[in-house]
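> Take this structure, written in structure tokens, and hold onto it; I'll ask about it next.
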Amino acid sequence: MVFSHNQYTTKIIKQTLDPEWNFELDINIHPGRLPALINITVWDEDFLGRDFLGRNNGGSADGMARHYGDPENQTAWYTLNKRTEKNNVSGEICLRFGFMEKAIRPCEEYMKAWMS
426 MVFSHNQYTT KIIKQTLDPE WNFELDINIH PGRLPALINI TVWDEDFLGR DFLGRNNGGS
486 ADGMARHYGD PENQTAWYTL NKRTEKNNVS GEICLRFGFM EKAIRPCEEY MKAWMS
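Residue numbers (the working numbering): 426 to 541.
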């Protein structure tokens, strides 16, 4: 995942066609400096090398309009897209985004922070 010019990677899940990462990532962000996009790329890695499985360039405002612990903040499935027309890509990735604070604020306050 690339977020605000920083790259983050998960551990490799071996010997499965249906991997579950259960990966949590905390990134400190100033509300006035939120990136417009979160770029997620999925690879398959085996003894022959890496194979591109797909990517999603989602708008961060779409995915993080709530506190992470808000009961209404649910996971969502994101379609994996091709890099080029040559790629044979199909699949989805399940993700959940949200703000981490001591108190849960109204959704409107988070949206206002994204738009400022």
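Ideal Cβ placement from N, Cα and C applies to all residues, glycine included.
Measure the C-alpha to C-alpha separation of residue 492 and residue 533 and round it to an integer number of angstroms.
Position 67 of the sequence shown, counting from 1, holds the residue named residue 492. Position 108 of the sequence shown, counting from 1, holds the residue named residue 533. About 11 Å.
> What is the DSSP secondary structure of residue 535, counted as helix, strand or coil?
Along the sequence shown, one-based indexing puts residue 535 at 110. Looking at residue 535 - three-state DSSP - the assignment turns out to be helix.
> State the CB to CB distance for the pair residue 501 and residue 478, rounded to an integer number of angstroms; the pair is presumed to be in contact (CB under 8 Å).
For the purposes of this step, residue 501 is taken as the residue at position 76 of the sequence shown. For the purposes of this step, residue 478 is taken as the residue at position 53 of the sequence shown. Actually they do not touch by this definition, with Cβ atoms about 18 Å apart.
> How many angstroms separate the CA atom of residue 428 from the CA atom of residue 447?
As a first step, residue 428 must be located in the sequence shown, where it is residue number 3. As a first step, residue 447 must be located in the sequence shown, where it is residue number 22. Straight-line Cα distance between these residues: approximately 18 Å.
> Beta strand (DSSP E) containing residue 503: first to last residue?
Stepping through the sequence shown from its first residue, residue 503 is reached at position 78. Taken as a continuous stretch (DSSP letters only), the beta strand (DSSP E) holding residue 503 covers 501-504.
> Can you list the beta strand (DSSP E) stretches of 3 or more residues lying completely in the region 510-535, in chain order?
517-520
> Alpha carbons only, please: which of 467, 497, 523 and 494 is nearest the one belonging to residue 506?
Position 81 of the sequence shown, counted from the first residue, corresponds to residue 506. Nearest of 467, 497, 523 and 494 to residue 506, Cα basis: 467.
> Measure the alpha-carbon distance for residue 481 versus residue 443 and round it to whole angstroms.
As a first step, residue 481 must be located in the sequence shown, where it is residue number 56. As a first step, residue 443 must be located in the sequence shown, where it is residue number 18. Their Cα atoms are separated by approximately 18 Å.
> Taking the alpha carbon of residue 531 as the reference point, which residue from 432, 514, 494 and 433 has its own alpha carbon closest?
Working through the sequence shown from its first residue, we reach residue 531 at position 106. Here the closest residue by C-alpha is 494.
> Specify, as a first and last residue, the run of the beta strand (DSSP E) that residue 468 falls within.
The count along the sequence shown starts at 1 and reaches residue 468 at position 43. Where residue 468 is concerned, the enclosing beta strand (DSSP E) stretches over 462-471.
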